[in-house]
Amino acid sequence: MNSKLDLVVVGAGIVGLSMAFAAVRRGKTVLIVERNSKAIGASIRNFGFITVSGQKEGQQWERARRSREIWEDVAKEAGIEVLHTGLVMPAYRAEAEAVMEAFLATPMGEDCGRLTPAQALQHVPCIRQDGMRAALWSPHELRVESREALPKIAAWLEQRHGVAFQWNTAVTAIDGTKIVTSRGVIEAQACIVCPGDDFSTLFPERIAAVNPSICSLQMLRVMPDQPIRFGAAVMSDMSYGRYEGFADLAPARALCDRLDSELGEMRSEGIHLISVQSADGSLVVGDSHVYGDAPEPFAKERIDHLVMEAFDQIFDLPSRKVVSRWCGTYASASNPVMIDEPADNVRLVIVTSGSGASTGFALGEQVVEELFA
Ligand SMILES: Cc1cc2nc3c(=O)[nH]c(=O)nc-3n(C[C@H](O)[C@H](O)[C@H](O)COP(=O)(O)OP(=O)(O)OC[C@H]3O[C@@H](n4cnc5c(N)ncnc54)[C@H](O)[C@@H]3O)c2cc1C
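This is the structure we're talking about:
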């Protein structure tokens, strides 16, 4: 194995790929070591929803803005289709409208605007107008099909930027410049560990210090009977009470109280509605959030039912069928990101807030710049 490597990245999810991209842009030689034969973790199970509005104010929101810029370039260069842009977020409750207005008054709302129900309908033809007070329009968001985008980014990094990949190889220990793997030892100047929600293989005691949990989510793919074209991603009242960029605003307290009293079961399963569209016209719909110290192995039909109930509250699309279901997990902790230095020239990077697709590229720039300063 190459003894002149500048950097070994552990993990070929979006966070690992982002670290590798930032490093090759600085002229570094990079090898990515991945336990599986391809990425199969959170990075290919998500919505592919690159979200800016709703990210926590400050560094997270800044990272999402920067990542979105990079995504746009990467998508063009790697041949990834951007399926739609922007976000429509209707407010059906007065309390949700108050959060929307408070958001629009912050610097984060600067490029965003307020839509009438009729304008929202122009973006998303089946959105329910009855009871809608207004909708937020955010221009920032991008939607890609992650299960196709991830392999394309990996192939593009390999072919265009010379990143090497070692698949089917687990890293079991890191000792100075020696990276011990299930297939031998690799020497490199530096190493960035991006293990996703594997808390037990590398630096378990450092990870335990942030008291992480595993968030398990249920997702569905829904096919409308009649062709319909979404012009943007859609979220709902519940998302105003969940995403910190909205939920940290003062009026969100009253919204959460109302949602708790009206939607108790949905709220206790951590359900909030996100819907985005795929190239074949199907809609990716989710999600739920259950936290624990291990991934939830058994999907609950009741949760899927509640997600579709939330879907029917927003969309007038009675003739559709669920064509696929899957579960996903991600690391969760009180801070949105863990960046640690467990040894000289080694960094441990875990997105602990379910936002790695939206923030990974900027995080890559930040970590790599500091590591090779
Ligand atoms: C259902 C769902 C929906 C989501 N929706 C969104 C969304 O719309 N927008 C958004 O921004 N985020 C979303 N997220 C969150 C986002 O997907 C994650 O934050 C992100 O994918 C984390 O990327 P990662 O590279 O850290 O983890 P992963 O994708 O899990 O990759 C980690 C990789 O490291 C490998 N690995 C671990 N340890 C080792 C080792 N010792 N040796 C070798 N390989 C190792 C694993 O095999 C794995 O491939 C969602 C997540 C889920 C589950």
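Our numbering applies: residue 5 is where the sequence shown begins, and numbers increase by one.
The beta carbon of each residue, even a glycine, is placed where N, CA and C say it ideally should be.
Here the structure is a predicted model, which means the values were calculated and not measured.
Query: Can the beta-carbon of Val355 be found less than 8 Å from the beta-carbon of Cys195?; Result: no
Query: Short of 8 Å in beta carbon distance, which residues of its chain neighbour Asp252, apart from the five on each side in sequence? Order them along the chain.; Result: Lys60 and Glu61
Query: Is it the case that the CB of Asp308 approaches a heavy atom of ligand 1 more closely than 7 Å?; Result: no
Query: Mapping DSSP to helix, strand and coil, what is Met5?; Result: Here the model assigns Met5 a pLDDT of 46, short of 50, so the residue's position is not dependable and the matter cannot be decided.
Query: How many Å lie between Ala16 and Arg137 at the Cα?; Result: 43 Å
Query: Within the same chain, show all residues whose beta-carbon is closer than 8 Å to that of Arg298, passing over the 5 residues directly before and after it, in chain order.; Result: Strictly speaking, residue 298 in this sequence is Ala, with Arg absent from that position. Result list for Ala298: Ile218, in chain order.
Query: Using the C-alpha atoms, what's the distance from Gly332 back to Ala24?; Result: 24 Å
Query: Across which residues does DSSP place Thr181 in a beta bridge pair?; Result: In DSSP, Thr181 forms no bridge with anything.
Query: Could you give the C-beta distance for Leu367 and Val19, rounded to a whole number, given that I count them as a contact under 8 Å?; Result: 7 Å
Query: What would DSSP say about Arg225, mapped onto helix, strand or coil?; Result: strand
Query: Within the same chain, show all residues whose beta-carbon is closer than 7 Å to that of Ser186, passing over the 5 residues directly before and after it, in chain order.; Result: Thr173, Ala174 and Thr176
Query: Tell me whether the beta-carbon of Gly117 lies closer than 8 Å to the beta-carbon of Phe250.; Result: no
Query: So what does DSSP say about Ala4, is it helix, strand or coil?; Result: Because residue 4 is not part of the residues shown, which for the chain are 5 to 377, the question remains open.
Query: Is the number of C-beta pairs between the segment 222-234 and the segment 288-295 that are closer than 8 Å three or more?; Result: yes
Query: How about Ser292: is its Cβ closer than 7 Å to a heavy atom in ligand 1?; Result: no
Query: Whole angstroms are fine: how far does the CA of Pro301 sit from the CA of Ala213?; Result: 25 Å
Query: What is the rounded straight-line gap between the Cα of Pro143 and the Cα of Glu191?; Result: 44 Å
Query: Please state if the CB of Arg72 and the CB of Ile54 are separated by a distance shorter than 8 Å.; Result: yes
Query: Straight-line CA distance for Ala124 to Thr89?; Result: 14 Å
Query: Would you grab the beta carbon distance between Arg39 and Val86 for me? Rounded to a whole angstrom, and I think it's under 8 Å.; Result: Their Cβ separation, rounded to whole angstroms, is 30 Å, which puts Arg39 and Val86 out of contact at 8 Å.
Query: If contacts are defined as beta-carbon pairs under 8 Å, then Gly52 and Val128 qualify, I think. What distance do you get, rounded to the angstrom?; Result: Wrong, their Cβ atoms sit about 17 Å apart, outside the cutoff.
Query: Where does Pro244 fall in DSSP's three states?; Result: Note that residue 244 is Tyr in the sequence shown here, rather than Pro. Helix.
Query: Just the C-alpha distance for Asp134 and Glu145, rounded to the nearest angstrom, thanks.; Result: 26 Å
Query: Give every residue of the same chain whose Cβ lies closer than 6 Å to the Cβ of Ala68, excluding the five residues on either side of it in the sequence, and list them in chain order.; Result: Val56, Gln59, Ser362 and Thr363
Query: Ignore the nearest five residues each way along the sequence and tell me which others in Pro121's own chain have a CB closer than 6 Å to its CB.; Result: Gln133 and Met136
Query: Which two residues bound the contiguous beta strand (DSSP E) that contains Pro94?; Result: His88 to Ala95
Query: Compute the minimum distance between the beta carbon of Glu73 and the heavy atoms of ligand 1, and state whether it is under 7 Å.; Result: no
Query: Report the start-end ranges of each beta strand (DSSP E) in the segment 339-373 that is 3 residues or longer and not cut off at the edges.; Result: 350-357
Query: On a CA-only basis, which of Ala158, Leu310, Glu66 and Cys198 is nearest Ala335? Give me that one, please.; Result: Cys198
Query: Does Pro255 pass the burial test, meaning 16 or more other C-beta atoms within 10 Å, or should it be called exposed?; Result: buried
Query: Using only alpha-carbon positions, find the residue among Phe376, Ser150, Asp284 and Ile343 that is nearest to Pro231.; Result: Asp284
Query: Would you call the segment 236-248 and the segment 274-281 in contact, with 3 or more CB pairs under 8 Å?; Result: yes
Query: Once the 5 residues before and after Asn6 are set aside, which same chain residues still bring their CB inside 6 Å of it?; Result: Only weak support exists for where Asn6 lies, its pLDDT of 48 falling under 50; the value from the coordinates is given anyway. Closer than 6 Å at the Cβ level, and outside the excluded window around Asn6, lies no residue.
Query: Considering Cα atoms alone, identify which of Gly358, Asn349 and Gly360 is closest to Val372.; Result: Asn349
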